[in-house]
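S.K.:
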Amino acid sequence: MLDVTIWGSRGSIPVCGEHFVRHGGATTCLEISNPADDERVIIDCGTGLAELGKAWGSRLPRALVLQTHMHWDHIQGFPFFAQLYNPAAHFEFWAADREGQSFREVIEGQMARPTFPIGMDIMPASKTFKTLATSGQARRGAMTIEWSEMDHPSGCTGFRIGSAGASVVFSGDVEVQQGCRQALVALARGADVLVMDAQYLPEEYPQRRGFGHSTPIDAVKVALEAGAGHLVPTHHDPTHDDGRLEDKLGLARRHAAGSGLRVDNAFDGMTLRVAAQTTGRSVRGGDLATAAL
Ligand SMILES: [Zn+2]
Ligand SMILES: [Zn+2]
1 MLDVTIWGSR GSIPVCGEHF VRHGGATTCL EISNPADDER VIIDCGTGLA
51 ELGKAWGSRL PRALVLQTHM HWDHIQGFPF FAQLYNPAAH FEFWAADREG
101 QSFREVIEGQ MARPTFPIGM DIMPASKTFK TLATSGQARR GAMTIEWSEM
151 DHPSGCTGFR IGSAGASVVF SGDVEVQQGC RQALVALARG ADVLVMDAQY
201 LPEEYPQRRG FGHSTPIDAV KVALEAGAGH LVPTHHDPTH DDGRLEDKLG
251 LARRHAAGSG LRVDNAFDGM TLRVAAQTTG RSVRGGDLAT AAL
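Counting from 1, position 289 in the sequence shown corresponds to residue 289 in this note's numbering; the numbering is continuous, with no gaps.
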């Protein structure tokens with residue numbers, strides 16, 4: 001069993017305002033934990049990480065952080081993650097190098113004058129950094145972690161987290177029409193939940209080809225081919241307000257109709273309890289609130 005919380009579901013830049021209330025505007029951050037042993041994984045350090053830090057408070061000052069890539073919308077929460085200012089805290093960061101730079105080098109560059117007032121050395125939490133190969137597998141307590149490289153400018157890592165037969169896949173930022181579709185299908189094969197970049201509407205995609213993102217129809221196709229149980233489109237475009245995102249969800253659901261694939265938009269604060277698939281595509285999980293979106 002795995003518990004998933006989506007703390008940031010927006011792509012590119014945070015947004016706020018009355019038209020973005022239902023889905024929220026924080027950028028990418030997910031928390032995945034195994035209730036059996038309380039191991040915790042965080043994926044990406046977007047502005048949603050600051051919200052996660054507020055929710056954790058002074059408890060749980062440790063986690064493994066898996067970083068998909070280093071674009072702004074995936075690192076901006078790092079300096080505002082309160083637990084990094086706790087000397088008793090310990091975090092491990094795993095990330096593939098991008099354009100010859102390690103995650104640590106990129107973060108140190110982010111937290112440097114003149115673009116930031118304080119350096120990373122002001123954070124007393126223990127931090128270790130590991131460079132990931134483009135693909136691999138590891139174990140963390142009862143969790144299994146598998147990863148592989150996806151198509152995105154400067155690259156991006158997709159992750160699969162498993163525990164006791166339950167599995168969650170996070171695509172990272174991904175443009176499957178650039179060629180990595182089969183790699184993502186393989187990573188998501190039989191997954192209970194696939195949280196996937198579906199930023200652009202199909203009519204927007206031709207003008208944004210090469211920007212590194214997919215459409216909800218791409219996401220449905222990948223989920224169906226992989227036999228995933230529950231598709232959660234995310235990395236919502238900052239220009240897409242709640243109404244537009246509901247339209248986008250309707251489009252995805254129409255393409256999934258009759259397949260048994262469940263589709264719900266990601267939103268900030270979404271929680272999922274994921275158990276192993278037991279009958280076909282049935283999957284236990286998801287707030288009732290997700291059904292309303
Ligand atoms: Zn992004
Ligand atoms: Zn990106």
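All C-beta atoms, glycine included, are put in the ideal place defined by N, C-alpha and C.
Judging by CA-CA distance, which residue of S102, W7 and Y85 is the nearest neighbour of F93?
M.R.: Your numbering for residue 93 matches position 93 in the sequence shown. For the residues S102, W7 and Y85, the minimum Cα distance to F93 belongs to S102.
S.K.: Taking the alpha-carbon positions, what's the I145 to V168 distance?
M.R.: Translated into the one-based positions of the sequence shown, residue 145 becomes position 145. Translated into the one-based positions of the sequence shown, residue 168 becomes position 168. The straight-line gap from Cα to Cα measures roughly 10 Å.
S.K.: Go ahead and pull the three-state DSSP assignment for L184.
M.R.: As a first step, residue 184 must be located in the sequence shown, where it is residue number 184. If DSSP states are grouped into helix, strand and coil, L184 belongs with the helices.
S.K.: For E39, I'd like the list of residues in its chain whose CB is within less than 6 Å of its CB, leaving aside the five on either flank, ordered along the chain.
M.R.: On the sequence shown, position 39 is the one that residue 39 refers to. So the qualifying residues of the chain are R140, G141 and M143.
S.K.: Check whether the Cβ atoms of N309 and P233 lie closer than 8 Å to each other.
M.R.: Here the chain covers residues 1 to 293 and nothing more, so residue 309 does not appear.
S.K.: Quick one: what does DSSP say H152 is sitting in, helix, strand or coil?
M.R.: Counted from its first residue, the sequence shown places residue 152 at position 152. Three-state DSSP puts H152 in coil, outside helix and strand.
S.K.: Can you tell me whether V311 is buried or exposed? The criterion is at least 16 other CB atoms within 10 Å of its CB, across all chains shown.
M.R.: The question about residue 311 has no answer, for the chain in this structure spans 1 to 293.
S.K.: Tell me the residue span of the alpha helix (DSSP H) that contains R208.
M.R.: On the sequence shown, residue 208 is found 208 positions in, with the first residue counted as 1. Y205 to R208 is the span of the alpha helix (DSSP H), which, as asked, contains R208.
S.K.: For C29, is the classification buried or exposed, using 16 other Cβ atoms within 10 angstroms of its Cβ as the cut-off for buried?
M.R.: Here residue 29 corresponds to residue number 29 of the sequence shown, with the count starting at 1. When all chains shown are included, C29 counts as buried.
S.K.: For the candidate residues E108, H230 and D241, whose alpha-carbon lies nearest to that of G190?
M.R.: On the sequence shown, position 190 is the one that residue 190 refers to. Minimum Cα distance to G190 is reached at H230.
S.K.: List, from N- to C-terminal side, the beta strand (DSSP E) runs of 3 residues or more that fit wholly inside the region 121-149.
M.R.: 126-131 and 136-140
S.K.: Reducing DSSP to helix, strand and coil, say where D3 ends up.
M.R.: Within the sequence shown, numbered from 1, the residue matching residue 3 stands at position 3. Here D3 sits in strand by DSSP.
S.K.: Quick check: what's the CA-CA separation for A223 versus S171?
M.R.: Here residue 223 is taken as the residue at index 223 of the sequence shown, counted from 1. Here residue 171 is taken as the residue at index 171 of the sequence shown, counted from 1. Approximately 11 Å, taken between the alpha carbons.
S.K.: For the beta strand (DSSP E) that R62 lies in, which residues bound it at each end?
M.R.: Position 62 of the sequence shown holds residue 62. Residues R62 to Q67.
S.K.: Quick check on the DSSP output: the alpha helix (DSSP H) that includes V220 runs from which residue to which?
M.R.: Taking the first residue of the sequence shown as 1, we reach residue 220 at position 220. Counting along the chain, the alpha helix (DSSP H) containing V220 begins and ends at P216 to A226.
S.K.: Starting from S167, follow its DSSP beta bridges and name the residues at the other end.
M.R.: Numbered from 1 along the sequence shown, position 167 holds the residue referred to as residue 167. Answer is G162, bridged to S167.
S.K.: Who are the near neighbours of L184 in its chain, counting only those whose CB is closer than 7 Å to its CB and skipping five residues on each side?
M.R.: Within the sequence shown, residue 184 is the residue found at index 184, counting from 1. Excluding positions up to five away in sequence, the list reads M150, G158, S171, V174, V176 and V222.
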